[in-house]
Every structure is written in C-alpha cells, then in structure tokens.
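Numbering-wise, this note's numbering comes out as the position in the sequence shown, counting from 1, plus 8.
Even for Gly, the Cβ is constructed at its ideal location relative to N, Cα and C.
Each remark here refers to the structure printed beneath this line.
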Amino acid sequence: MDAPTPKASGALKTIGEVSAETGLPHHVLRYWETRFPQLRPLTRAGNRRYYRTDDVLLVRRIDALLNQQGYTIRGVQQLLVAEKKGGIKPVEVAGSPDAAPPPNAAAAAPSDDLGVPDALRAIRAMLADALDEDSTPTTT
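So, in structure tokens, the structure goes:
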C-alpha cells in the first residue's frame, strides 16, 4: 500500500491527526473543546472534527501552558480571555512556532526568579503592601 501523501500546511486535520501530532489522546482534545470556547474545530456529519491550523496552534499552546508551565485549566481560561480583551500581552510558550527567543538569550545571566514574569512580581508586591497595611494597628 502506498504511503499517504502529505497534506498541505493549511489543510484541515482530523482529531486523529491532531492527536498523533501532539501526543494528546482524543478524549483530552474533546474535553478541551468543552473548557476552552476559543477551541472550536469544524464539525461535519456524525460530529467528525476538523481542526484548522489556528486550532492546532491553540491546542499546542494549551498543552504547553497546562503540562509544561503548570497552569490550571481555570488559569489558562483566564489567560486566554485576558489576552483576547487586550488586558495582557500573550504569554510566549517555549517551542511554539511564534515564540521567538529573547534577545541576547545566550548572554543573559541566569536569574533566581525561576521565570516569574514582571507582572506577577508586581502583583505579589501589591499584595504584600496590602497585608502590611492590614496588619498595621490603627489609632482612633
């Protein structure tokens, strides 16, 4: 039997093809469709799913955020909503095609912040200030 011809880069992919490409089981992809409204593959007769290129990129991004960066499902949901609203800039995921290495990445000194983004450090500082204000006795 002849080997299947490779698909064009923009061709729709079945759930089986996406599963094989990403290493994620079919049921996980179907579950994510219920949890992430941004992930909406085309459905045809018999509920056959066809993923667009953008859907596959989103699946890879969700996978990286959940399984590599330690986000919870709720955390990824909030992140995607905030990015859509323009409240925050998109989080770059290592290994994604659109993630560029930081400038002078090879020359950068290792930091002790374990990759904590500046925005999270600022939130932590605000919370610490609020706790200090709450614990300060007030005189009346």
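List the whole-angstrom C-beta distance separating residue i from residue j, where the pair is believed to meet the contact cut-off of C-beta under 8 Å.
i, j, result
"L74", "V64", "With a Cβ gap of about 16 Å, L74 and V64 do not count as contacting."
"K93", "Y59", "About 25 Å separates the two Cβ atoms, so there is no contact after all."
With burial defined as no fewer than 16 other Cβ atoms inside 10 Å of the residue's Cβ, what is the status of residue i: buried or exposed?
i, result
"L139", "exposed"
"P125", "exposed"
"Y39", "exposed"
"V89", "exposed"
"R57", "buried"
"P49", "buried"
"K15", "exposed"
Indicate the three-state DSSP secondary structure (helix, strand or coil) for residue i in the structure shown.
i, result
"L47", "coil"
"Y79", "coil"
"R60", "coil"
"T144", "coil"
"K92", "helix"
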